[in-house]
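Residue numbers (our numbering): 8 to 339. First comes the structure, then the notes that go with it.
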């Protein structure tokens, strides 16, 4: 049986408004929301993916990617079906673009997820693979006992959650990586079927909080890799979020994408250009998946965390640079 949703309010004539994200879907009786995981039944909203993780795994936390939060550790990762974006370039579309009313994986209780995390020796749980906003009720029911058990909670998100959702999740959230896909609203409208402004607003809120924040941008050739746009994006991070906010540059792989097979793969030159733009904007930490993976102290240049693919060698002293003592890692 579907679980009753918590993030909605009733309107007239059995219409329910979902309050999870900035789509604010007004859903008529018998219909589904934009994410296809919320259904209106008799004026009440139900979530179809509660307790049904479609993907579970144990990953290096660097794969989220988080480089300054528990570096070198493993994180228990899970996601469900569905998404509140419709990105043609999605590289995890097998679950993100599947409807919540399709056949669901077996049910798993929140407590069993926490127990599994502890049994695997992971210090954190990551809500990832698809957008955690659309399974917020399930995530919250896991995050509460996880926090009580001494575990850290991580979201990997597109940043489109509503204020109501972020207000509810924030007290239990330790770290987040947000996809900042572009600084152009037209890109968000055309490629993601969403608006850009709510993402920027949420990023500013997160930057002012105690939640550890890192940013990822997928470099889509011809769509989200122009130097002019990337300069604006890097300046936004430096000015609005802080110059020590890590920026991850992700490479596009067309043959695993949902619909963007005609877009070429990100080149090494394109990644180097973006990296140089980030450094020129004053960002202390700009990473990519191949060449710029290690963490260098922004004060003295010492290699603090060395990375070779997903092998991490830490040289820090209690999270600080071994050379000059400058703080580098948020959570050790």
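Just so you know, even glycine gets a beta-carbon here, dropped at the ideal spot from N, CA and C.
The beta strand (DSSP E) that contains residue 318, what's its start and end?
Stepping through the chain shown from its first residue, residue 318 is reached at position 311. 318-321 is the span of the beta strand (DSSP E), which, as asked, contains residue 318.
### Query
Between residue 217 and the rest of its own chain, which residues show a CB-CB distance below 6 angstroms, the 5 nearest in sequence each way excluded?
Against the chain shown, residue 217 aligns to sequence position 210. Hits under 6 angstroms: none found.
Extent of the continuous alpha helix (DSSP H) to which residue 3 belongs: The first residue shown for the chain is 8 and the last is 339, placing residue 3 beyond what the model contains.
- Query: Taking Cβ to Cβ, would you say residue 69 is nearer than 7 angstroms to residue 292?
  - Reply: Along the chain shown, one-based indexing puts residue 69 at 62. Along the chain shown, one-based indexing puts residue 292 at 285. Contact: no.
List the DSSP bridge partners of residue 264. Here residue 264 refers to the residue found at position 257 when the chain shown is read from its first residue. The partner list for residue 264 (beta bridge, DSSP) is empty, contrary to what the question assumes.
- [ ] Can you give me the Cβ contacts of residue 288 inside the same chain, cut-off strictly under 6 angstroms, excluding the 5 residues immediately before and after it?
- [x] Along the chain shown, one-based indexing puts residue 288 at 281. Excluding residues within five positions, the ones whose Cβ falls inside 6 angstroms are 241, 242 and 245.
request  = Could you check if residue 181 is buried or exposed, using at least 16 other CB atoms within 10 Å of its CB as the buried criterion?
outcome  = Translated into positions along the chain shown, residue 181 becomes position 174. Per the 10 Å Cβ criterion, buried.
Q | Close-in-space but distant-in-sequence residues of the same chain around residue 300 (CB under 7 angstroms, 5 per side omitted) | A | Within the chain shown, the letter at position 293 stands for residue 300. Cβ within range, chain order: 294 and 314.
_Considering only DSSP beta bridges, list what residue 195 is partnered with._
Here residue 195 corresponds to residue number 188 of the chain shown, with the count starting at 1. For residue 195, which the question treats as bridged, DSSP gives no partner whatsoever.
**Report entry** Beta-carbon proximity check, residue 92 vs residue 137, cutoff 7 angstroms
**Finding:** The residue you call residue 92 lines up with position 85 of the chain shown. The residue you call residue 137 lines up with position 130 of the chain shown. Contact flag unset, no.
Please work out which residues of its chain come closer than 8 angstroms, Cβ to Cβ, to residue 204, disregarding the five sequence neighbours upstream and downstream, and give them in chain order.
Taking the chain shown and counting its residues from 1, one reaches residue 204 at position 197. Excluding its 5 nearest sequence neighbours in each direction, residue 204 has C-beta neighbours in its own chain below 8 angstroms: 192, listed in chain order.
- Between residue 141 and residue 187, is the Cβ-Cβ spacing less than 7 angstroms? Numbered from its first residue, the chain shown carries residue 141 at position 134. Numbered from its first residue, the chain shown carries residue 187 at position 180. Taking a C-beta distance under 7 angstroms as the contact criterion, residue 141 and residue 187 do not qualify as a contact pair.
*Nearest to residue 328 by alpha carbon, out of 338, 37, 312 and 319?*
Against the chain shown, residue 328 aligns to sequence position 321. The residue with the shortest Cα to Cα distance from residue 328 is 312.
To which residues of the same chain is residue 64 closer than 7 angstroms at the C-beta, ignoring the five residues directly before and after it? As a first step, residue 64 must be located in the chain shown, where it is residue number 57. Excluding residues within five positions, the ones whose Cβ falls inside 7 angstroms are 84.
Review point. Between which two residues does the beta strand (DSSP E) harbouring residue 281 extend?
Key: To locate residue 281, count along the chain shown from 1; it is residue 274. Looking at the DSSP string, residue 281 is not in any beta strand (DSSP E); the run it does join, the alpha helix (DSSP H), is 275-287.
Which residues bound the beta strand (DSSP E) around residue 334?
Taking the first residue of the chain shown as position 1, residue 334 is located at position 327. Looking at the DSSP string, residue 334 is not in any beta strand (DSSP E), and its letter there is neither H nor E.
| query | Is it true that the segment 145-154 meets the segment 119-131, where meeting means three or more beta-carbon pairs spaced less than 8 angstroms apart? | reply | The segment 145-154 makes contact with the segment 119-131, as at least three CB pairs between them are under 8 angstroms.
How close, in whole Å, do the beta carbons of residue 258 and residue 281 come, if the pair is a contact with beta carbons under 8 angstroms?
Numbered from its first residue, the chain shown carries residue 258 at position 251. Numbered from its first residue, the chain shown carries residue 281 at position 274. Between the beta-carbon of residue 258 and that of residue 281 there is about 10 angstroms, and that puts the pair past the 8 angstroms contact cut.
Practice prompt. Specify, as a first and last residue, the run of the beta strand (DSSP E) that residue 304 falls within.
Written response: As a first step, residue 304 is located in the chain shown; it is residue number 297 there, counting from the start. Taken as a continuous stretch (DSSP letters only), residue 304 belongs to no beta strand (DSSP E), as it is neither H nor E.
Can you give me the Cβ contacts of residue 21 inside the same chain, cut-off strictly under 8 angstroms, excluding the 5 residues immediately before and after it? Position 14 of the chain shown, counting from 1, holds the residue named residue 21. The residues are 35, 36, 47, 49 and 50.
Tell me whether residue 232 is buried or exposed, calling it buried when 16 or more other Cβ atoms sit within 10 Å of its Cβ. By one-based count along the chain shown, residue 232 stands at place 225. Buried, by the Cβ-count rule.
field: Backbone secondary structure at residue 28 - three-state DSSP
entry: As a first step, residue 28 must be located in the chain shown, where it is residue number 21. In the three-state DSSP reduction, residue 28 falls in the strand class (E or B).
Output needed for residue 41: all residues of its chain with C-beta closer than 7 angstroms, excluding positions within five of it in sequence on either side, in chain order.
Here residue 41 is taken as the residue at index 34 of the chain shown, counted from 1. These residues qualify, in order along the chain: 30, 32 and 91.
**Item:** Same chain, Cβ closer than 8 angstroms to residue 284, five either side skipped, listed in chain order
**Value:** Mapped onto the chain shown, residue 284 falls at position 277. Correct list, in chain order: 234, 237, 238 and 241.
| In whole angstroms, what separates the C-alpha of residue 167 from that of residue 212? | As a position in the chain shown, residue 167 is number 160, starting the count at 1. As a position in the chain shown, residue 212 is number 205, starting the count at 1. About 12 angstroms.
Practice task
Taking 7 angstroms as the cut-off, decide whether the C-beta atoms of residue 6 and residue 44 are in contact.
Solution key: Here the chain covers residues 8 to 339 and nothing more, so residue 6 does not appear.
query = Grouping DSSP H, G and I as helix and E and B as strand, with all else coil, what is residue 53?
reply = In the chain shown, residue 53 corresponds to position 46, counting from 1. In the three-state reduction of the DSSP assignment, residue 53 falls in the strand class.
Near residue 261, which residues of its chain fall below 7 angstroms by C-beta distance, leaving aside the five closest residues on each side in sequence?
For this step, residue 261 is matched to residue 254 along the chain shown. Its chain contains 267, 268, 270, 271 and 272 as the residues whose beta carbon lies nearer than 7 angstroms to that of residue 261, once the 5 sequence neighbours on both sides are disregarded; these appear in chain order.
**Request:** Evaluate residue 139 with the Cβ neighbour count: other Cβ atoms within 10 Å of its Cβ, from every protein chain shown; 16 or more gives buried, anything less gives exposed.
**Result:** For this step, residue 139 is matched to residue 132 along the chain shown. It is buried - the Cβ of residue 139 has at least 16 other Cβ atoms within 10 Å.
*Could you give the DSSP three-state label for residue 35: helix, strand or coil?*
Taking the first residue of the chain shown as 1, we reach residue 35 at position 28. Assigned with DSSP and collapsed to three states, residue 35 falls in coil, not helix or strand.
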